[in-house]
Amino acid sequence: MQSKMLGVGSYVPEYRLTNAELERLVETSDEWIVQRTGIHERRIAKGKRTADMALAAAQQALADAGVAPEEIDLILVSTVTPDSLTPTVACRVQAALGAKNAAALDFNAACSGFVYAVEMADSYIRSGKKKRVLVISAERLHSVIDYTDRTTCVLFGDGAGAAVFAPSGDGSGVLSTYSMADGTMGDALYIGALPVEDDPFGASRPTVTDTRYLTMAGNDVFRFTATAVPAAIDKALEQVGKTADEVDWFVLHQANQRIIKMVAKKYGLDERKIYINMDRFGNTSSASVPLCLAEMKQKGLLHEGQLILLAGFGGGLTYGSALIRL
Ligand code: COA
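Note that my numbering has the sequence shown beginning at 49, numbered continuously upward.
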């Protein structure tokens, strides 16, 4: 049986990093940032860890779903910025929630993390292996951003989003999903992790900070999105014989307003059908799609029977989509 999204939640830190403040850090301008990206400000998690943001979003999603922590049997966390490799963010959240009947794991599909997680949650539920899956996407991107690099520091922000999935039973819920990667373009968006050492016992061990910061070949990634995003959208629609004009809302990864415009033009869509909050939160990697969903729900924009298309794309490079009947 397919799965249904029972509830959503989100958390964004209080601190607002505005374009005006970035003008003081690097050689940039509000005009350039707004024209080239559509971003006005982003949130920065001062004194909060990824797990703190993940927990706050998860608590809101559980309350929205009316599901108790003990009823959850799997916690999936997508993140490129875990607080530690072990314990995972998922295990920290499991402990803090008291979700004592849940398995828990982190995974990394970069900015496609939420849509990958929807596919995983749906597959676990369809197979009957799990019944209630808590999906969380939490990103503390400021820790991998070099605030002297104007090509990246204006883009990214921190935040978390979450959703609870359970068996549907009434034909609504996750209708189709798609996930794909093109690792041949992986270096176009790079964040280092453990250093590679030719001689682990040698005199000059490289430091982790050598490869700590995110670097991006923005134009290459932009070109990739021109084929990856329509491919993801088409694959989700084709599987169930739907067309773009039947979709009530498109919720795309919030990377750049120009990508939204490109999608609207390609499918002849009214841009108002594509939800946007990157103006206020920037690119929060995998958190961006559930952040949108939680905000849309709070604003009363989501109604039973609507068709929602989610699409993610980014580091890996990865891309994917999910078509959901509310
Ligand atoms: N302020 C002012 N100028 C800047 C700047 C900034 N913050 N960042 C770059 N520039 C300059 C560049 O140095 C370049 O100057 P030059 O022509 O003198 O060399 C010029 O602006 C144009 O740079 P370019 O990289 O071509 O800009 P762009 O229009 O492609 O925009 C991105 C850059 C990153 C916004 C855009 O490529 C993008 O959104 N890429 C896709 C990102 C994405 O989808 N990521 C998804 C996964 S996270």
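Glycine residues also receive a C-beta, built at the ideal position from the N, C-alpha and C atoms.
Note down the Cα distance separating residue i from residue j, rounded to an integer number of angstroms.
{"i": "residue 195", "j": "residue 202", "result": "9 Å"}
{"i": "residue 110", "j": "residue 159", "result": "23 Å"}
{"i": "residue 93", "j": "residue 289", "result": "42 Å"}
{"i": "residue 301", "j": "residue 331", "result": "8 Å"}
{"i": "residue 71", "j": "residue 78", "result": "7 Å"}
{"i": "residue 315", "j": "residue 291", "result": "9 Å"}
{"i": "residue 235", "j": "residue 156", "result": "16 Å"}
{"i": "residue 146", "j": "residue 117", "result": "6 Å"}
{"i": "residue 232", "j": "residue 365", "result": "8 Å"}
{"i": "residue 170", "j": "residue 342", "result": "19 Å"}
{"i": "residue 268", "j": "residue 197", "result": "18 Å"}
{"i": "residue 75", "j": "residue 192", "result": "20 Å"}
{"i": "residue 128", "j": "residue 318", "result": "33 Å"}
{"i": "residue 413", "j": "residue 333", "result": "Outside the displayed range of the chain (49 to 374) lies residue 413, so it cannot be described from this structure."}
{"i": "residue 133", "j": "residue 242", "result": "11 Å"}
{"i": "residue 166", "j": "residue 263", "result": "27 Å"}
{"i": "residue 347", "j": "residue 252", "result": "55 Å"}
{"i": "residue 270", "j": "residue 80", "result": "17 Å"}
{"i": "residue 265", "j": "residue 244", "result": "22 Å"}
{"i": "residue 431", "j": "residue 58", "result": "Any property of residue 431 remains undetermined from this structure, which presents the chain solely from 49 to 374."}
{"i": "residue 184", "j": "residue 54", "result": "14 Å"}
{"i": "residue 67", "j": "residue 175", "result": "47 Å"}
{"i": "residue 224", "j": "residue 148", "result": "30 Å"}
{"i": "residue 178", "j": "residue 219", "result": "19 Å"}
So, are the CB atoms of residue i and residue j less than 8 Å apart?
{"i": "residue 261", "j": "residue 369", "result": "no"}
{"i": "residue 374", "j": "residue 294", "result": "no"}
{"i": "residue 335", "j": "residue 208", "result": "yes"}
{"i": "residue 173", "j": "residue 213", "result": "yes"}
{"i": "residue 311", "j": "residue 277", "result": "yes"}
{"i": "residue 328", "j": "residue 89", "result": "yes"}
{"i": "residue 303", "j": "residue 362", "result": "yes"}
{"i": "residue 353", "j": "residue 163", "result": "no"}
{"i": "residue 103", "j": "residue 141", "result": "yes"}
{"i": "residue 101", "j": "residue 186", "result": "yes"}
{"i": "residue 115", "j": "residue 180", "result": "yes"}
For residue i, is the beta carbon positioned less than 7 Å from some heavy atom of ligand 1?
{"i": "residue 237", "result": "yes"}
{"i": "residue 299", "result": "no"}
{"i": "residue 333", "result": "yes"}
{"i": "residue 72", "result": "no"}
{"i": "residue 363", "result": "yes"}
{"i": "residue 67", "result": "no"}
{"i": "residue 270", "result": "yes"}
{"i": "residue 159", "result": "yes"}
{"i": "residue 273", "result": "yes"}
{"i": "residue 92", "result": "no"}
{"i": "residue 266", "result": "yes"}
{"i": "residue 128", "result": "no"}
{"i": "residue 325", "result": "no"}
{"i": "residue 322", "result": "no"}
{"i": "residue 203", "result": "yes"}
{"i": "residue 281", "result": "no"}
{"i": "residue 304", "result": "yes"}
{"i": "residue 173", "result": "no"}
{"i": "residue 81", "result": "yes"}
{"i": "residue 263", "result": "no"}
{"i": "residue 307", "result": "yes"}
{"i": "residue 196", "result": "no"}
{"i": "residue 42", "result": "Residue 42 is absent from the structure shown; the chain starts at 49 and stops at 374."}
{"i": "residue 76", "result": "yes"}
If I measure Cβ to Cβ from residue i and keep anything under 8 Å in the same chain, skipping five residues before and after, which residues do I get?
{"i": "residue 344", "result": "297, 299, 323, 350"}
{"i": "residue 98", "result": "127, 129, 130, 131, 137, 186, 187, 188, 208"}
{"i": "residue 309", "result": "319"}
Closer than 7 Å by C-beta to residue i: which residues in its own chain qualify, once you throw out the five before and the five after it? Chain order, please.
{"i": "residue 247", "result": "none"}
{"i": "residue 216", "result": "49, 50, 51, 52"}
{"i": "residue 168", "result": "124"}
Taking residue i and residue j to be in contact with their CB atoms under 8 Å, please state how far apart those CB atoms are, rounded to whole angstroms.
{"i": "residue 65", "j": "residue 120", "result": "Not really, about 33 Å apart at Cβ, beyond 8 Å."}
{"i": "residue 130", "j": "residue 96", "result": "At roughly 14 Å, the Cβ-Cβ gap does not stay under 8 Å, so residue 130 and residue 96 are not in contact."}
{"i": "residue 281", "j": "residue 357", "result": "6 Å"}
{"i": "residue 371", "j": "residue 285", "result": "7 Å"}
{"i": "residue 91", "j": "residue 206", "result": "6 Å"}
{"i": "residue 86", "j": "residue 287", "result": "That pair is no contact at about 31 Å."}
{"i": "residue 105", "j": "residue 210", "result": "4 Å"}
Leaving out five residues before and five after residue i in sequence, what residues of the same chain have Cβ atoms less than 6 Å from its Cβ?
{"i": "residue 138", "result": "123, 125, 152, 153, 154"}
{"i": "residue 230", "result": "365"}
{"i": "residue 228", "result": "367"}
{"i": "residue 340", "result": "299, 323, 325"}
{"i": "residue 73", "result": "195"}
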